[in-house]
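Residue numbers (our numbering): 183 to 325.
Right, here's the structure in full:
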């Protein structure tokens, strides 16, 4: 598989082309490549090192990398099977990142998240078209 640097637009284009992946409008895909933006998202989350984090729609992993660098235990749920497979391969040797191939609106969160430590931060760069259903779903599992 083509090497990927999710912080490099040219690397992202090469990777997507080599994998035969075109961003899907239906899935609202737009890939975060700006590490400054990823760092701001992590800072705004208030995430503490060692804390559990649910990332919705990790795409190619730019935010995932920033979350892991901050010391989070990341569970990244990706609906696009091709991207989930690429992420699983990319993070296979990183014990702080778990990739879940599935739809956040259908995944059994209690099965994929380790909530034994208490708080789980939800950090994501999600498509606006599904923001409300995602928030409603998460509120169902707030306890």
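In this text, a Cβ means the ideal position worked out from N, Cα and C, and glycines have one as well.
When burial is assigned at 16 or more other CB atoms within 10 Å of the CB, is residue 272 buried or exposed?
Buried.
First and last residue of the uninterrupted beta strand (DSSP E) at residue 363
The chain is shown from 183 up to 325; residue 363 falls before or after that span and cannot be answered.
Going by DSSP in three states, residue 261 sits in which element: helix, strand or coil?
In the three-state reduction of the DSSP assignment, residue 261 falls in the coil class.
On the premise that residue 270 lies in contact with residue 240, defined as a C-beta separation below 8 Å, what is that separation, rounded to the nearest angstrom?
Beta-carbon to beta-carbon, residue 240 and residue 270 are separated by about 11 Å, too far to satisfy the 8 Å threshold.
Buried or exposed: which applies to residue 238, given that a residue is buried once 16 or more other Cβ atoms fall within 10 Å of its Cβ?
Flag for residue 238 reads buried.
Measure the C-alpha to C-alpha separation of residue 306 and residue 281 and round it to an integer number of angstroms.
Answer to the nearest angstrom: the Cα atoms are 14 Å apart.
Give a yes or no on whether 8 Å exceeds the smallest Cβ distance from residue 188 to chain C.
Annotation note: the requested chain C is absent from the structure, which comprises a single protein chain.
Count the other CB atoms, across all protein chains shown, that sit within 10 Å of the CB of residue 188; report buried if there are 16 or more and exposed otherwise.
Label assigned to residue 188: buried.
Is residue 196 helix, strand or coil when you go by DSSP?
When secondary structure is reduced to three states using DSSP, residue 196 falls in the helix class.
Could you check if residue 233 is buried or exposed, using at least 16 other CB atoms within 10 Å of its CB as the buried criterion?
Classification for residue 233: buried.
N- and C-terminal bounds of the beta strand (DSSP E) containing residue 306:
302 to 306 is the extent of the beta strand (DSSP E) around residue 306.
Alpha carbon to alpha carbon, how far is residue 222 from residue 193? Give it in angstroms, no decimals.
The alpha-carbon atoms of residue 193 and residue 222 are separated by roughly 22 Å.
Just reading off the beta strand (DSSP E) that residue 236 is part of, what are its end residues?
Start and end: 234 to 238.
Measuring straight from C-alpha to C-alpha, what distance separates residue 186 and residue 300?
In this structure, the CA atom of residue 186 is about 33 Å from the CA atom of residue 300.
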